[in-house]
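Enquirer: Count along the sequence shown from 1, then add 1104; that gives the number in my numbering. From the three backbone atoms N, C-alpha and C, an ideal C-beta is built for every residue, glycine too. One structure, pasted below without further comment.
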Amino acid sequence: MLNYNPLFHPFELPIQKLFAHCVTERPLFFPPRLGSTPGTTLAGTFGTALWSAVCHSNCNTSGEPHCQNPSECVVPWLYKPYSKTQHRNFARPVLLRAIELEGTEPVDVFTLEVTLWGRHAIAAQEAVKDTLKKMGELGLKGENELVRFNISKIETAPCLTLAQQIKDLPEVSSVLLEFQTPFLHKEKNEEGERQFHTDQSLPIISILGNSAYNLVAWDIEDRELSLDGKNRHYLARDARDRAWKAAEELLVVRSHLSSVDIGKRYSRGNQQTMSLQGFVGMAELTGDLKYALPWLLALSLAGGGQKRAMGFGSVRLWLGR
């Protein structure tokens, strides 16, 4: 398996943040709408702007666009990356969030926080910056109208691997997880059907296991390793099992979680209507944090659950000494 260690190598995955400071042409506000959030609007506008700003071929059709030159173009790595080995889409490695747009009042300035997740996304950051500028030209649809914006400056944070960020973490006695946007986590019920988790209890074991599995699967894809689907699954499963074991040593000492129902949303990709249910809130964890902390950090940086590229599953990590 090319000497790939799923308990070590995934933490070599690099992460970089960009901060685009934006000024709108008029106040911008996103009223509550079923099936829509500021995150879904940002993700949709980014996808549209990406094809317009970066693609120079005739790929952007009226339906779901498909790249005609994937071996040389950066678009497939930034827009719904598809693994030919595992035959599935990965979540976009470009995560967008603007906290000011999630408020209850119109704003005329906001900061667009952009997380570039992986080697290909970081290498393509100039294309990402061009796309952000194109987003401003296209505008964001607020109260039934498009509001354009200009980017006054873009700040670039240092590029650090997960291992480098883990190394700088202090010793902690507790961790507070803040689920800032709806966390869409599915589990099987007694009948074997997969349903969104909306209970007060925090399914931390399943959440960390899923996070670890997806981290390894994405790192292998991002490295472009020559591994078949079965071997990729085995490696990702090993990381999932280790994360499960680490999470079993954690104690949820307090939590305040609330169920959220965003309504239904139509997916152009699979031409189906999906329900969007999950939870928000906070949970404090104690216990043996040593082996769980790396997976918790990965969760906070990448987000978790489903539809994270659409702004769902943003998690903030607070460390208690």
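#1: Excluding five sequence neighbours on each side, which residues of the same chain lie with their C-beta closer than 8 Å to the C-beta of residue 1250?
#2: Taking all protein chains shown into account, do 16 or more other C-beta atoms lie within 10 angstroms of the C-beta of residue 1285, making it buried, or fewer, making it exposed?
#3: Based on DSSP bridge pairs, tell me the residues matched to residue 1365.
#4: So the beta strand (DSSP E) residue 1293 belongs to, where does it begin and stop?
#5: Would you give the residue range spanned by the alpha helix (DSSP H) that residue 1232 belongs to?
#6: Which residue from 1139, 1160, 1200, 1154 puts its Cα closest to that of residue 1406?
#7: For the alpha helix (DSSP H) containing residue 1403, list its first residue and its last residue.
#8: Among 1213, 1329, 1365, 1398, which residue has its Cα nearest to the Cα of residue 1350?
#9: What is the DSSP secondary structure of residue 1186, reduced to helix, strand or coil?
#10: Let me know if residue 1183 comes out buried or exposed under the rule of 16 or more other beta-carbons within 10 Å of its beta-carbon.
#11: Using a Cβ-Cβ cutoff of less than 8 Å, which residues in the same chain neighbour residue 1240 once the five nearest sequence positions on both sides are dropped?
#12: State the DSSP-derived secondary structure class of residue 1335, mapped to helix, strand or coil.
#13: Using only alpha-carbon positions, find the residue among 1204, 1425, 1303, 1170 that is nearest to residue 1059.
#14: State the Cα-Cα distance for the pair residue 1232 and residue 1269, rounded to the nearest angstrom.
#15: Locate the alpha helix (DSSP H) running through residue 1325, then write down its first and last residues.
#16: Between which two residues does the beta strand (DSSP E) holding residue 1120 run?
#17: Kindly indicate which three-state DSSP category residue 1355 falls into: helix, strand or coil?
#18: With a cut-off of 8 Å, do at least 3 Cβ pairs link the segment 1294-1306 to the segment 1375-1395?
#19: Please report the residue range of the beta strand (DSSP E) in which residue 1278 lies.
#20: Looking only at DSSP bridge pairs, what is residue 1391 linked to?
#21: Mark residue 1334 as exposed unless 16 or more other C-beta atoms lie within 10 angstroms of its C-beta, in which case mark it buried.
#22: Helix, strand or coil for residue 1206, going by three-state DSSP, please let me know.
#23: How many Å lie between residue 1483 and residue 1119 at the Cα?
#24: Which residues does DSSP list as the beta-bridge partners of residue 1424?
#25: Tell me, please, which residues DSSP counts as bridged to residue 1140.
#26: State whether the segment 1381-1392 contacts the segment 1355-1362, with contact taken as three or more CB pairs (one from each stretch) at a distance under 8 Å.
#27: When we look at the beta-carbon of residue 1418 and count the other beta-carbons within 10 Å, is it buried (16 or more) or exposed?
#28: Per DSSP, which one or two residues make a beta bridge with residue 1248?
#29: Compare the Cα-Cα distances from residue 1178 to each of 1409, 1326, 1366 and report the closest residue.
#30: Mind checking which residues open and close the beta strand (DSSP E) that includes residue 1273?
#31: Could you tell me the boundaries of the beta strand (DSSP E) in which residue 1259 lies?
#32: With distance defined between alpha-carbon atoms, name the residue in 1369, 1423, 1375, 1272 nearest to residue 1141.
#33: For residue 1193, which beta-bridge partners are listed by DSSP?
#34: Return helix, strand or coil for residue 1152, following the three-state DSSP convention.
#35: Locate the beta strand (DSSP E) running through residue 1302, then write down its first and last residues.
Expert: Taking the geometry as given:
#1: 1242, 1243, 1244.
#2: Sixteen is the threshold: when 16 or more other Cβ atoms of the shown chains lie within 10 Å of the Cβ of residue 1285, as they do, the residue is buried.
#3: In the DSSP assignment, residue 1365 is bridged to 1381.
#4: Looking at the DSSP string, residue 1293 is not in any beta strand (DSSP E), and its letter there is neither H nor E.
#5: Residue 1232: member of the alpha helix (DSSP H) spanning 1229-1242, first to last residue.
#6: When each option's Cα is compared against that of residue 1406, the closest is 1200.
#7: For residue 1403, the enclosing alpha helix (DSSP H) has its first and last residue at 1397-1406.
#8: The option with the nearest alpha carbon to residue 1350 is 1398.
#9: The answer is strand: DSSP assigns residue 1186 an E or B state.
#10: Burial call: buried.
#11: The residues are 1126, 1252, 1253, 1254, 1255.
#12: Shown here, residue 1335 sits in a helix according to DSSP, grouped into three states.
#13: Limits of the chain in this structure are 1105 at one end and 1425 at the other, which puts residue 1059 out of reach.
#14: Whole-angstrom Cα-Cα distance: 23 Å.
#15: Annotation: the continuous alpha helix (DSSP H) that includes residue 1325 extends over 1308-1327.
#16: For residue 1120, the enclosing beta strand (DSSP E) has its first and last residue at 1118-1132.
#17: Three-state DSSP puts residue 1355 in a strand.
#18: With three or more CB-CB distances shorter than 8 Å, the segment 1294-1306 counts as touching the segment 1375-1395.
#19: For residue 1278, the enclosing beta strand (DSSP E) starts and ends at 1278-1287.
#20: Under DSSP, the beta-bridge partners assigned to residue 1391 are 1354.
#21: Burial is judged here by how many other beta carbons sit within 10 angstroms of a residue's own beta carbon; residue 1334 has fewer than 16 and is exposed.
#22: DSSP places residue 1206 in helix when its eight states are reduced to three.
#23: Residue 1483 lies beyond the range of the chain shown here (1105 to 1425); nothing can be said about it.
#24: For residue 1424, DSSP records a beta bridge to 1278.
#25: The partner list for residue 1140 (beta bridge, DSSP) reads 1137.
#26: The count of Cβ pairs closer than 8 Å, one atom from the segment 1381-1392 and one from the segment 1355-1362, reaches three, so the stretches are in contact.
#27: Taking a 10 Å sphere around the C-beta of residue 1418, we find 16 or more other C-beta atoms and assign the residue as buried.
#28: None; residue 1248 has no bridge partner.
#29: Residue 1178 has its Cα closest to that of 1326, out of 1409, 1326, 1366.
#30: Residue 1273 -> no beta strand (DSSP E), and no H or E assigned at all.
#31: In this chain, the beta strand (DSSP E) harbouring residue 1259 covers 1253-1260.
#32: Considering only alpha carbons, the answer is 1369.
#33: Bridge partners of residue 1193 according to DSSP: 1186.
#34: Residue 1152: helix per DSSP, three-state reduction.
#35: Run containing residue 1302: none; DSSP gives neither H nor E here.
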